[in-house]
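Chains as they are written, first to last, in the working numbering: chain A, 622 to 735; chain B, 34 to 147. Glycine included, each C-beta is placed from N, C-alpha and C at the ideal position. Keep in mind the model is a prediction, meaning the values are calculated, not measured. These notes are about the structure you will find just below.
Pasting the structure below:
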C-alpha cells in the first residue's frame, strides 16, 4: 500500500524555535509538496520539489525553507517559528510530470507555536 | 489567475439525503478537475477526477461532471451515509504548464446524521 509518512502528528513549540517537519514517501515519486491547511483558507502551497536537491517556491514560502537530500524525504524547516505559523501542515507526493495530477497525502502535522 | 470557489459549509444532511456541493473555477487554460476528500484525522485522498469538458468522474457513489460552459464541477451523491462525513475539496491543475501543481478550494465540511 502506498504511503506518505509525516514524522510528527502533533507538535508544540515556542516562538523563535527552529522546527523541522519530516516527510517520507515509499512510492518512488519524483514530486513532493508541502501545504499548510487553515480554516477558511483551504490548502496553500508552501514549497515543492520535483527532484532531489531541487526546490521551488509555492504561494506562501515566506518564513519557511525546505530540504530534499534524498528522493524519498522532504523536510520543511521553520527557521524561527512564529505564532502565525500555527497550522496543520500536509506533505504530499506524486509521480513525474506526466502524471495526471493525483497527489498522495500524509496524515498531517498539527503545529502549535506559543 | 487560476482559482477554485466552493460553497461554504458546513453542509448538514440526514442519512440517505441527496448531496450537492458546488464548485466553480477560473482558469487561463484547460484545467483538469478533481475532488479530494479528507476524513477526520486523515490526510486528503483523491475521490474523483475529470480531465476534459463533459467528462464525468465517479467513485463510491459520488459523481461530478466537468461543465466548461458554466466553469463548474459540482459534486453529487444520491444517498449519503454517516461515513461520508468529511471535508471535501475541489481542485484544478493545468497540465499544459508542464508541471502539475494543484490549486485547491477552501473545502466544504459535510456532516451526515443518522
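Run down chain A in chain order and give the residues with a C-beta less than 9 Å from the C-beta of residue i.
| i | result |
| --- | --- |
| residue 85 of chain B | Per Cβ cutoff of 9 Å: no residues; residue 85 of chain B is ~11 Å from chain A at best. |
| residue 98 of chain B | Residues of chain A passing the Cβ test: none, with the nearest at roughly 18 Å. |
| residue 122 of chain B | 663, 664 |
Is residue i near residue j, with beta carbons less than 7 Å apart?
| i | j | result |
| --- | --- | --- |
| residue 119 of chain B | residue 135 of chain B | no |
| residue 663 of chain A | residue 138 of chain B | yes |
| residue 52 of chain B | residue 113 of chain B | yes |
| residue 714 of chain A | residue 675 of chain A | no |
| residue 698 of chain A | residue 708 of chain A | no |
| residue 145 of chain B | residue 80 of chain B | no |
| residue 689 of chain A | residue 701 of chain A | no |
| residue 105 of chain B | residue 38 of chain B | no |
| residue 141 of chain B | residue 121 of chain B | yes |
| residue 710 of chain A | residue 657 of chain A | yes |
| residue 717 of chain A | residue 651 of chain A | yes |
Which residue wins for smallest C-alpha separation from residue i, given the options the options?
| i | options | result |
| --- | --- | --- |
| residue 78 of chain B | A:734, A:709, A:667, A:625 | A:625 |
| residue 672 of chain A | A:649, A:683, A:666, A:661 | A:649 |
| residue 703 of chain A | A:660, A:733, A:666 | A:733 |
| residue 65 of chain B | B:39, B:89, B:121 | B:89 |
| residue 655 of chain A | A:716, A:627, A:705, A:691 | A:627 |
| residue 69 of chain B | B:104, B:95, B:111 | B:95 |
| residue 696 of chain A | A:640, A:681, A:724, A:722 | A:640 |
| residue 101 of chain B | B:48, B:54, B:147, B:61 | B:61 |
| residue 634 of chain A | A:667, A:677, A:706, A:682 | A:706 |
Go ahead and pull the three-state DSSP assignment for residue i.
| i | result |
| --- | --- |
| residue 707 of chain A | coil |
| residue 115 of chain B | helix |
| residue 690 of chain A | strand |
| residue 90 of chain B | strand |
| residue 55 of chain B | coil |
| residue 79 of chain B | strand |
If you draw a straight line from the alpha carbon of residue i to that of residue j, how long is it in whole angstroms?
| i | j | result |
| --- | --- | --- |
| residue 76 of chain B | residue 727 of chain A | 5 Å |
| residue 71 of chain B | residue 679 of chain A | 22 Å |
| residue 149 of chain B | residue 50 of chain B | The question about residue 149 of chain B has no answer here: the residues shown for chain B are numbered 34 through 147. |
| residue 629 of chain A | residue 712 of chain A | 12 Å |
| residue 36 of chain B | residue 646 of chain A | 28 Å |
| residue 642 of chain A | residue 636 of chain A | 16 Å |
| residue 735 of chain A | residue 99 of chain B | 44 Å |
| residue 41 of chain B | residue 126 of chain B | 22 Å |
| residue 693 of chain A | residue 83 of chain B | 29 Å |
| residue 638 of chain A | residue 660 of chain A | 24 Å |
| residue 74 of chain B | residue 107 of chain B | 25 Å |
| residue 86 of chain B | residue 632 of chain A | 43 Å |
| residue 170 of chain B | residue 117 of chain B | Outside the shown range of chain B (34 to 147) lies residue 170 of chain B, about which nothing can therefore be said. |
| residue 677 of chain A | residue 668 of chain A | 6 Å |
| residue 684 of chain A | residue 109 of chain B | 39 Å |
Give the interface partners of residue i over in chain A, defined as CB-CB distance under 7 Å, in chain order.
| i | result |
| --- | --- |
| residue 126 of chain B | 722 |
Can you pull the chain B residues whose beta carbon is under 9 Å from the beta carbon of residue i, in chain order?
| i | result |
| --- | --- |
| residue 632 of chain A | Neighbours of residue 632 of chain A on chain B: none; closest Cβ ~16 Å, over 9 Å. |
| residue 638 of chain A | Ordered by position in chain B, no residue passes the 9 Å Cβ test against residue 638 of chain A, which lies about 25 Å from the chain. |
Can you name the residues of chain A whose CB is closer than 8 Å to the CB of residue i?
| i | result |
| --- | --- |
| residue 106 of chain B | None at all; the shortest Cβ gap to chain A is about 13 Å. |
How would you list, in chain order, the residues of chain B whose beta-carbon sits under 8 Å from the beta-carbon of residue i?
| i | result |
| --- | --- |
| residue 669 of chain A | 134 |
| residue 662 of chain A | 139 |
| residue 711 of chain A | 76, 77 |
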